[in-house]
Amino acid sequence: MLKLYGFCVSNYYNMVKLALLEKGLPFEEVPFYPGTTPEALAISPRGKVPVLGVEQGFINETSVILEYIEQSQKGTPLLPSEPFERAQALALAKEIELYIELPARACYPAAFFGMSVPQAIQEKTKAELLLGFASLGRHGKFAPYVAGDSLSVADLYFLYSVPMACAVAQKLFDIDLLAEMPAARALLERLEQNPHVQRIAKDKDAAMPAFLQMIASKK
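Per this note's numbering, residue 28 is the first one in the sequence shown, and the count goes up by one each step.
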């Protein structure tokens, strides 16, 4: 059986978890937090989550895990079979990660945990998020899913990156990043009705108190 290492508050972990659930694959969740202990580094070379445990060993990096699942496992496809459309879905996923997820992440400490983030970093995040959402608006199809008429890897990144980025922009900059993107907002509402998404949200809520306690202990 596949083993998913990580914790339920991680958005990257939840991307992989949703992929496994949508494909109908049996898997075991193994609690695992980022770290640099020898035990952690034996599972994840950089000590990060998520990690997928398979018969041969461990696979790290979310995009690589998702590609492995798509290529090696049966179940509902999460990428188009036609090469061009497949490339578009993968490009959208990468754009969301590079231009929305990563800029927003730089300000997570300030937006969610009451920590200090230098003003220069906040301004950089603001500028990059505006550019990132403009790019998503140009490239995303939202017909009704990000890359077309079916759920794809792009939607996994969208679902678990865009709301976090929107929360950062709203809390720190008083900007509604979806104000000009009603189709994107509608897709989020659609995805939130997915039973697997609701299960993951419930698991996240249950894990949040322990996670916040751990963060507080490190301040």
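All residues carry an ideal CB built from backbone N, CA and C; glycine is no exception. Quick caveat, the model's predicted, so the values are computed rather than measured.
Residue j beta carbon less than 8 Å from that of residue i
| i | j | result |
| --- | --- | --- |
| S188 | I123 | yes |
| V173 | G167 | yes |
| V224 | L45 | yes |
| G33 | V76 | yes |
| L48 | L31 | no |
Nearest-angstrom Cα separation, counted from residue j out to residue i
| i | j | result |
| --- | --- | --- |
| L117 | A237 | 34 Å |
| I127 | L119 | 11 Å |
| V11 | E112 | Outside the shown range of the chain (28 to 246) lies residue 11, about which nothing can therefore be said. |
| T152 | P130 | 5 Å |
| F241 | S108 | Before going on, a small fix: residue 241 reads as Met here, not Phe. Going from the Cα of M241 to the Cα of S108 covers about 43 Å. |
| P53 | E150 | 43 Å |
| E155 | V195 | 12 Å |
| G159 | I202 | 14 Å |
| M208 | P104 | 27 Å |
| A192 | L215 | 13 Å |
Candidates the options, of which the one nearest residue i by Cα
| i | options | result |
| --- | --- | --- |
| A210 | S71, D230, D232 and F185 | F185 |
| L157 | R73, G141 and F200 | F200 |
Chain C contact for residue i (CB, 8 Å cutoff)
| i | result |
| --- | --- |
| P77 | Any reference to chain C falls outside this structure, which holds one protein chain only. |
Residues near residue i in its chain [Cβ-Cβ closer than 7 Å; skip 5 each side]
| i | result |
| --- | --- |
| R212 | L205 |
| Q100 | K50 and L52 |
Cutoff 8 Å; reference residue i; Cβ partners in own chain excluding five residues on either side
| i | result |
| --- | --- |
| S298 | This structure leaves residue 298 out entirely; the chain is present only between 28 and 246. |
N- and C-terminal bounds of the beta strand (DSSP E) containing residue i
| i | result |
| --- | --- |
| L29 | L29 to G33 |
Contacting residues, own chain, Cβ-Cβ under 6 Å from residue i (five flanking each side not counted)
| i | result |
| --- | --- |
| A133 | I148 and T152 |
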